[in-house]
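Structure record follows, encoded as structure tokens.
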Amino acid sequence: MSSSTLLTEDEITAALSVLPDWQRSGDSITRTADAADFPAAIRVVNAVAEAAERLNHHPDIDIRWRTLTFVLSTHSAGGLTGLDFQLAALIDQAFERA
19 MSSSTLLTED
29 EITAALSVLP
39 DWQRSGDSIT
49 RTADAADFPA
59 AIRVVNAVAE
69 AAERLNHHPD
79 IDIRWRTLTF
89 VLSTHSAGGL
99 TGLDFQLAAL
109 IDQAFERA
């Protein structure tokens, strides 16, 4: 699975099967989760920001007190690519560490 190539439906289904906290919404994937408190939520966002910079792939992030929503899509490719699922896995790791 190439990082910047659009994924097939089968590849998307397979990738989502190992990311149970993520849901597909059209040409994007989304995860909403609660951190312990607002400072923990910001720690998650900071960890995600560092990962996003390393990948040069940036999520849409909505912060509502301790509730975070991440939306991933590769806009330049017009849908979901391997980059989206790489970053989703790193976001999951950031929640585990928070």
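Note that our numbering has the sequence shown beginning at 19, numbered continuously upward.
Even glycine gets a Cβ: it sits at the ideal position worked out from N, Cα and C.
Coarse secondary structure for residue i, derived from DSSP in three states
{"i": "residue 51", "result": "strand"}
{"i": "residue 98", "result": "coil"}
{"i": "residue 31", "result": "helix"}
{"i": "residue 73", "result": "helix"}
{"i": "residue 84", "result": "coil"}
CB contact flag (residue i, residue j, <8 Å)
{"i": "residue 102", "j": "residue 91", "result": "yes"}
{"i": "residue 77", "j": "residue 62", "result": "no"}
{"i": "residue 24", "j": "residue 51", "result": "no"}
{"i": "residue 108", "j": "residue 30", "result": "no"}
{"i": "residue 22", "j": "residue 104", "result": "no"}
Host beta strand (DSSP E) of residue i (start-end)
{"i": "residue 43", "result": "41-43"}
{"i": "residue 25", "result": "Unbroken run through residue 25: none, as it is neither H nor E."}
Host alpha helix (DSSP H) of residue i (start-end)
{"i": "residue 36", "result": "Run containing residue 36: none; DSSP gives neither H nor E here."}
Whole-Å CB distance - residue i paired with residue j, under 8 Å assumed
{"i": "residue 65", "j": "residue 59", "result": "Not quite, the Cβ-Cβ distance comes to about 11 Å (not below 8 Å), so this is no contact."}
{"i": "residue 55", "j": "residue 84", "result": "5 Å"}
{"i": "residue 37", "j": "residue 112", "result": "So it is not a contact: roughly 13 Å between Cβ atoms."}
Exercise for the section: Spell out a yes or no on whether the stretch 66-73 and the stretch 37-45 are touching, meaning 3 or more CB-CB pairs, one atom from each, closer than 8 Å. Expected result: At 8 Å Cβ cutoff, the stretches do not touch.
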